[in-house]
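If you're matching them up, the sequences are chains A and B in order. Sequential numbering of the first sequence, starting at 25, is according to this note's numbering. Sequential numbering of the second sequence, starting at 25, is according to this note's numbering. Ideal Cβ positions, reconstructed from N, Cα and C, are used throughout, including at glycine. This structure is a prediction, so every number in the text was calculated from the model and none was measured. Working notes, beginning with the structure itself.
2 protein chains.
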Amino acid sequence: MSRSEARIVPVSWKNVTLAGAFWGGRLAANRRVTLPLEYDLCRRTGRIDALRLGWKPGQPNPPHIFWDSDIAKWIEAAAYSLATHPDPELETRVDGVIELLANAQLPDGYLNSHFIAVEPDKRWSNLRDCHELYCAGHLIEAAVAYAEATGKRAFLEIMSRYADHIASVFGRGPGQKRGYCGHPEIELALVKLYRATGNRQYLEQSAYFIDERGREPHYFDLEARARGELAGRNREWHGDAYEVLQAHQPVRDQTAIEGHAVRAMYLACGMADVAAETGDAPLAEACRRLWRNMVDRRMYITGGIGSSRRGERFTFDYDLPNATAYAETCAAIGVVFWAHRMLQLEANAEYADVMERALYNGVASGVSLNGTHFFYANPLAAVPALARFENLAGHVAISRQEWFDCACCPPNVARLFASLGQYVYGQRADTAFVHLYIAGAARLEVGGRHLLLRQTTGYPWKERVRIEVLPKSGADSAKTPARFVLALRLPGWCREPEVAVNGRRVSLRDCVRQGYAYLDREWRRGDSVEVRLPMPVERILAHPEVRQDAGRLALQRGPLVYCLEEADNGPGLNGLCVPRAAKLAAIFDRKLLGGTVVIRFTARRQRVADWQGRLYQPADRAGVAPVKITAIPYCQWGNRVPGEMLVWLPAMPG
Amino acid sequence: MSRSEARIVPVSWKNVTLAGAFWGGRLAANRRVTLPLEYDLCRRTGRIDALRLGWKPGQPNPPHIFWDSDIAKWIEAAAYSLATHPDPELETRVDGVIELLANAQLPDGYLNSHFIAVEPDKRWSNLRDCHELYCAGHLIEAAVAYAEATGKRAFLEIMSRYADHIASVFGRGPGQKRGYCGHPEIELALVKLYRATGNRQYLEQSAYFIDERGREPHYFDLEARARGELAGRNREWHGDAYEVLQAHQPVRDQTAIEGHAVRAMYLACGMADVAAETGDAPLAEACRRLWRNMVDRRMYITGGIGSSRRGERFTFDYDLPNATAYAETCAAIGVVFWAHRMLQLEANAEYADVMERALYNGVASGVSLNGTHFFYANPLAAVPALARFENLAGHVAISRQEWFDCACCPPNVARLFASLGQYVYGQRADTAFVHLYIAGAARLEVGGRHLLLRQTTGYPWKERVRIEVLPKSGADSAKTPARFVLALRLPGWCREPEVAVNGRRVSLRDCVRQGYAYLDREWRRGDSVEVRLPMPVERILAHPEVRQDAGRLALQRGPLVYCLEEADNGPGLNGLCVPRAAKLAAIFDRKLLGGTVVIRFTARRQRVADWQGRLYQPADRAGVAPVKITAIPYCQWGNRVPGEMLVWLPAMPG
């Protein structure tokens with residue numbers, strides 16, 4: 025299959041093992057707890073049975089329009105897991121579901137449990153709202169992963185037939201519908217299918233979906249008129265613009281990241297993928313424009329995005345409310361997906377920085393440490409009393425939940441974690457990239473040589489990383505030195521990184537480009553690189569335009585954003601403040617939350633006694649008293665007794 | 025008519041004239057601009073025509089269920105205005121509307137333009153949602169005011185007949201409905217009707233409505249069942265509890281001020297009125313409990329209440345969002361109404377403090393200086409881009425509007441301003457109270473003597489008030505000294521008030537009780553009292569539990585809360601902060617906003633250049649630069665070019 029030479033190809037999840045203090049436990053929980061749990065929930069909620077197409081009008085619990093996507097993400101997660109952790113029982117389960125899918129598929133290739141069983145006459149009649157192509161996309165992703173993991177191609181063939189059917193229905197040819205999905209996803213899936221099959225038609229179909237989006241006459245208007253509805257917008261849910269669906273204008277004309285955050289991410293992934301495969305420079309440039317807007321103006325410090333619960337959407341520049349933040353887990357996962365694709369377009373460590381930020385904060389917060397419970401929304405402040413007033417659709421809560429009616433997040437976490445290996449390393453021609461520092465090992469091929477990279481590190485708790493370079497034995501003698509470049513990401517959060525090869529300090533001034541240190545040398549078996557990433561606790565400010573963070577600061581150490589929890593510090597967290605001179609001590613507490621680095625310091629607490637019940641009073645009548653504070657990593661919040669939580673800590677007013 | 029001896033009776037709006045720098049222009053605008061404008065809008069929108077009952081099914085613009093209340097408030101406002109500023113043209117207009125009402129009234133006394141013309145079969149079938157008794161209450165208030173202003177009793181008789189009808193329908197007698205209104209208002213109106221007519225049945229009917237509220241079996245359930253609906257709640261609008269309607273439990277059991285803020289205020293007014301008239305101490309105590317909760321935990325520094333746009337309601341203790349504050353103008357007016365009634369129960373200056381706070385800030389902000397435009401919501405921060413996402417029902421905006429589909433606020437402002445005189449003075453036995461300092465004069469009777477009090481003051485711009493005591497000539501010789509008590513409110517915001525009588529300083533230590541200085545002496549014609557209320561600019565903090573104000577402070581001078589506007593200070597107001605040592609200079613600017621005291625100081629502004637487009641960075645990389653700032657009174661914001669506004673100013677993070 026053809027790939028743009030310039031693309032930095034991820035090292036497949038099949039070829040990477042991960043371990044270590046931070047990820048070891050989470051990935052094991054994902055495999056052992058989350059995956060079986062989610063299958064069980066898909067079964068108990070009727071999602072599996074729905075594939076039997078047995079639902080009849082009048083019966084309860086009709087298959088929902090996006091149930092197929094939940095199953096698809098679960099299969100995809102299972103596939104990744106099977107590749108590195110064979111599990112015959114799990115494989116049998118997956119095969120069982122695939123058999124149901126095979127049986128459900130119509131002769132023309134169409135496959136959707138809702139529209140076949142519930143609304144057979146409405147197929148492809150409402151792309152704006154009904155998620156048909158979205159579900160198809162997720163099934164395609166699952167099929168590609170399962171084929172790659174197991175070598176079994178039945179599911180891939182099912183989905184190729186479905187993709188062929190889709191390609192026959194949608195396009196610019198005579199008699200075709202010039203449609204595209206209200207929820208992007210199929211675009212990135214078709215690129216995966218192209219890579220898996222080599223069939224360039226899928227790449228072209230993806231490019232069609234991307235470029236047709238937002239053109240006039242507007243397809244969503246046309247199809248609404250065809251349904252006999254007003255051509256206007258779906259005001260009930262979408263607000264007053266196609267912006268929510270990223271369909272307000274052609275994607276190449278869009279300058280700001282708009283609308284439903286998950287949709288925006290999946291669309292951007294598809295755009296980046298097509299740009300990478302076709303060398304479409306203007307499309308890549310459109311990606312960069314949207315990226316700049318998101319990263320510079322619309323992203324939480326946690327990597328979370330989509331600040332508004334209503335529409336699960338981006339709002340406007342610098343609008344980042346904390347207690348009511350939506351910051352859907354799926355959206356932060358989408359940030360990881362997109363950042364990873366931008367990193368394939370361009371070796372710029374900023375993409376890996378954002379990927380890491382989202383992964384260690386806004387994604388990791390989405391799942392409990394034991395893998396059983398999930399956040400849909402990931403606020404940056406937990407205000408227990410607020411949930412009653414703002415808990416739309418049960419998505420906004422101060423405790424993780426086992427499942428949701430709209431259950432997109434749990435299986436999305438599962439598939440990201442199960443495939444986490446592919447985000448760590450990349451390769452291009454004679455260069456091996458290390459994007460993330462996670463203990464483990466990777467098999468890769470650079471400059472025609474197979475090699476093993478082995479990372480030993482306590483990151484992100486500890487600041488040292490050791491990378492052993494082990495050219496693999498085989499046709500190319502393991503003892504022959506191999507000339508290739510090892511490119512190590514120097515995280516943007518780190519002010520004074522140090523790199524040494526075999527104990528000799530490398531002058532970074534000479535070898536750093538766009539945040540990567542390029543070590544170009546003859547590597548011998550046993551060579552080792554030491555990376556030291558000093559992690560003092562940083563006081564972080566948000567841009568002055570972020571009104572919700574004005575007068576506040578956040579604590580960050582390494583890639584981890586910190587928060588205060590009521591469990592450690594009592595209630596009334598907004599009555600605290602961090603003095604300018606406070607000594608912020610990072611301490612590893614092996615008993616807390618399975619072992620974590622806490623930040624301890626002495627803050628000031630407003631003396632509530634000075635208030636005597638008053639709501640307002642002159643500043644000179646309110647005093648403060650010192651108080652010992654413990655901050656924990658944001659990604660670990662909500663794993664103890666529910667209560668307040670706070671990321672942005674107030675400063676003392678003057 | 026009988027009144028509880030202990031009650032501090034307001035000096036009627038008929039007997040008070042007001043003038044001065046702050047109120048003179050606003051009251052003139054209310055009379056000359058707002059009143060004609062609102063009549064015209066009632067006419068143009070069909071509200072007047074609706075009273076002709078000519079609407080037929082299928083026609084557009086059916087009379088809305090609460091249109092009658094808009095007309096009622098306009099008549100009430102006109103009545104107050106006519107008493108102090110006779111205007112034959114206006115009186116003719118009012119008489120014309122009253123004639124329409126007379127013609128509309130049914131033989132049994134029923135009077136409601138919606139239910140007579142649009143849904144004649146649904147009369148009294150949905151008290152929860154349909155505002156029938158609410159509209160009746162406003163018409164009663166208007167009728168009482170018009171009779172008192174003009175001596176014409178036709179409208180009062182119409183409304184007495186309607187009240188008699190209501191009393192026949194609702195009560196605990198056989199065959200009566202045990203209902204009460206979803207929107208309180210009739211309760212306070214019936215007490216006014218009782219005071220105007222001396223008919224104690226109206227007082228008893230009010231007490232019935234108050235005490236029936238929230239009892240089980242729940243009337244709103246019973247009537248919903250009678251309508252053939254589920255007995256559950258109206259989830260579309262009311263959320264999940266009768267709490268929104270203050271009907272979740274009997275009012276005497278309620279401990280927190282809950283639900284729709286305007287409704288809560290009107291109900292509390294009725295409770296306080298009944299308590300004042302009947303001496304019902306437990307009911308007065310229930311009022312005090314709700315008051316404490318509101319004032320200590322749920323009121324903006326502007327006196328605005330009801331923080332949530334959804335349900336126009338109170339949420340929970342210390343939840344006071346700024347940019348999304350609802351703080352409906354009508355709700356702040358309700359605070360004035362309730363505070364005024366609490367002040368009748370008890371001479372505690374705290375009630376007058378809150379009344380003044382609401383009046384000078386959250387109410388006065390509701391109308392433009394020229395009287396033509398109105399705010400429905402009164403946020404404490406204007407974020408122009410937010411309106412698109414949060415402007416529910418067109419109520420939340422950064423510019424005042426001429427009118428609203430739900431037009432409660434404009435005529436509510438008009439009737440409050442037109443009757444403002446009654447809030448200034450009170451009398452009880454031998455004591456004359458001065459609650460508010462506003463230039464003007466009042467005729468009142470204390471200790472059997474008629475007297476004139478004349479205030480000369482530039483308040484709230486200036487800190488000195490001169491009160492001349494002028495026993496009136498007549499049966500009681502003007503030259504004979506009169507023994508009575510002059511009780512002067514010492515505002516809670518003032519740290520060091522000074523009072524002098526005829527130039528001799530009074531020792532306040534000896535004569536102050538609950539915030540009033542009681543000057544008990546023989547008063548002679550020409551005696552004068554000088555009150556000095558030093559008004560340094562105060563830095564105000566909110567209670568540490570108010571998360572939205574943490575790390576922020578507000579500026580207040582005298583009763584006025586200040587704000588920054590983009591018009592004076594450019595955009596990016598959240599990037600500013602007030603240094604601890606900033607000298608806050610209060611300066612009268614006679615050219616600005618019709619003459620106002622601004623606060624000038626040197627603040628610090630985050631240097632946006634230090635950010636280079638980044639969204640987050642370590643605190644040590646972000647610098648500040650001095651910048652000259654001008655703050656204006658909050659009540660005057662939005663009278664220039666629309667833009668940002670901010671009350672709570674950030675402090676410098678450390």
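query, result
"Under 9 angstroms (Cβ pairs) to chain A, residues found in the stretch 632 to 643 of chain B", "V632, W635, G637, R638, L639, Y640, Q641, P642, A643"
"Coarse secondary structure for A:M559, derived from DSSP in three states", "coil"
"Proximity to A:D290 [Cα-Cα], best of A:I422, A:A406, A:E165, A:L577", "In the sequence under discussion, the amino acid at residue 290 of chain A is Tyr, which differs from the Asp named in the question. Out of A:I422, A:A406, A:E165, A:L577, A:E165 has the C-alpha closest to the C-alpha of A:Y290."
"Ranges of the alpha helix (DSSP H) found wholly within the stretch 106 to 179 of chain B, counting only runs of at least 4", "112 to 128, 137 to 141, 151 to 154, 156 to 174"
"For A:N402 and B:E209, the rounded distance between their alpha carbons", "42 angstroms"
"Beta-carbon neighbours of A:D320, restricted to chain B and to distances below 8 angstroms", "G637, R638, L639"
"B:L344 and B:S332 closer than 8 angstroms at C-beta", "no"
"A:Q229: first and last residue of the uninterrupted beta strand (DSSP E) it sits in", "Run containing A:Q229: none in the beta strand (DSSP E); it sits in the alpha helix (DSSP H), 224 to 236."
"Enclosing beta strand (DSSP E) for B:K652 [first to last residue]", "648 to 657"
"As assigned by DSSP and simplified to three states, the class of A:A610", "strand"
"Alpha-carbon to alpha-carbon, A:S184 and A:R467", "30 angstroms"
"Simplified DSSP assignment, three categories, for A:F413", "helix"
"Residue-level contact to chain B via CB, A:N258, 8 angstroms cutoff", "Here the model assigns A:N258 a pLDDT of 47, short of 50, so the residue's position is not dependable, and the following value carries that caveat. No, because no Cβ of chain B sits closer than 8 angstroms to the Cβ of A:N258."
"Within chain B, the residues that A:A409 reaches when beta carbons sit closer than 8 angstroms", "T339, F340, D341, D343"
"A:H262 burial status per 10 Å Cβ neighbour count (16 or more: buried)", "The pLDDT assigned to A:H262 is 43, lower than 50, so where the model puts this residue is not dependable; a value taken from the coordinates is nonetheless given after this. Looking at its Cβ environment, which holds 16 or more other Cβ atoms inside 10 Å, A:H262 is buried."
"Helix, strand or coil at B:W547 [DSSP, three-state]", "strand"
"Spatially closest choice to B:A609 from B:R624, B:L557, B:L617, B:K496, by CA coordinates", "B:R624"
"Neighbour flag for B:R576 against chain A, beta carbons, 8 angstroms", "yes"
"Alpha helix (DSSP H) segments (min. 4 residues) lying fully within the stretch 571 to 605 of chain B", "590 to 593"
"CB contact check: B:P674 to chain A, cutoff 8 angstroms", "yes"
"Residues near A:P484 in its chain [Cβ-Cβ closer than 7 angstroms; skip 5 each side]", "F46, Y384, G582, P583, L584"
"B:R473 versus B:G133: straight-line alpha-carbon distance, rounded", "42 angstroms"
"C-alpha distance - A:E228 paired with A:L75, whole-angstrom precision", "30 angstroms"
"Closest residue to B:S552 among B:T221, B:T69, B:R507, B:R478 (Cα-Cα distance)", "B:R478"
"Member of A:H272, A:T302, A:R549, A:A511 whose CA lies at the smallest distance from the CA of A:Y226", "A:T302"
"Stretch-stretch touch, CB-based, cutoff 8 angstroms, three pairs: the stretch 80 to 90 of chain B with the stretch 35 to 53 of chain B", "no"
"Extent of the continuous beta strand (DSSP E) to which B:P642 belongs", "640 to 642"
"Three-state class that DSSP yields for B:G464 in the structure shown", "strand"
"Neighbour-count burial assignment, B:T504, 16 or more Cβ in a 10 Å radius", "exposed"
"Proximal residues, the stretch 555 to 583 of chain B versus chain A, C-beta separation under 7 angstroms", "E562, R563, I564, L565, A566, H567, P568, E569, R571, A574, G575, R576, L577"
"8 angstroms Cβ cutoff, B:N593 in contact with chain A", "no"
"Proximity to A:V493 [Cα-Cα], best of A:A456, A:V391, A:R628", "A:A456"
"Nearest neighbour of B:K97, chosen from B:P558, B:P495, B:Y158 [CA to CA]", "B:Y158"
"Where the beta strand (DSSP E) through A:T626 begins and ends", "620 to 630"
"Spatial neighbours of B:S137 in its chain, beta-carbon cut-off 8 angstroms, leaving aside the 5 residues before and after", "A74, L75, L77, P87, W91, D92, A128"
"Other residues of its chain near B:E414: CB distance less than 7 angstroms, five sequence neighbours each side excluded", "R333, T348, V420"
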